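J.: Let me give you the structure first, and then I'll get to my questions.
Residue numbers (UniProt numbering): 1 to 162.
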């Protein structure tokens, strides 16, 4: 399925992120390998099993059920039954109802992305008038206090007014 959320999911792969269900943080779900379509089993293995030499870091972010990188409960099911069963884990972010969502980048996703690329804050810009001689359709940017992410995700910590 082609959607904005799937595109973001794939871009995060390109930026070096693994699927959330492969994260090796505590016991937060059970994988039902007997329900997985043949050929897709590796998508559910822990990243240490798949990439033993890879350097993985979760940047002190708790397991994130709401991550856009998480598979849904029936992803790659060969019989319609759950491939992932969520366990009640009080240390995990979210409650498991949203696993597999492709509607938003979660707060945990944003923290990991900003930390991995050393961007503690989202760059803030807004269009300005073109400089004289640059033509009417050329624009530049300047810093502003408006954060464009807040329009789409007002619950982010950076969007809360102090």
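Glycine is no exception: its CB is placed at the ideal position from the N, C-alpha and C atoms.
These numbers were taken from a predicted model, which means no experiment stands behind them.
(1) Hey, how far is the Cα of residue 162 from the Cα of residue 111?
(2) Thinking C-beta only, is residue 94 closer than 9 Å to residue 66?
(3) Let's see if you can read the secondary structure: which residues bound the alpha helix (DSSP H) around residue 97?
(4) Could you say which of 17, 7, 86 and 24 lies nearest to residue 113 if we only look at CA atoms?
(5) Between the C-alpha atoms of residue 98 and residue 72, what's the straight-line distance to the nearest angstrom?
(6) With DSSP as the reference, identify every bridge partner of residue 117, one or two as the case may be.
(7) Flag this pair as yes or no: are the beta carbons of residue 82 and residue 20 separated by less than 9 Å?
(8) Do you know how far the Cα of residue 90 is from the Cα of residue 4?
(9) Between the C-alpha atoms of residue 37 and residue 45, what's the straight-line distance to the nearest angstrom?
T.: In brief:
(1) Annotation note: pLDDT 46 at residue 162 (below 50); position unreliable, no value reported.
(2) yes
(3) Residue 97 -> no alpha helix (DSSP H), and no H or E assigned at all.
(4) 17
(5) 8 Å
(6) Partner(s): none; residue 117 has no beta bridge.
(7) no
(8) 30 Å
(9) 14 Å
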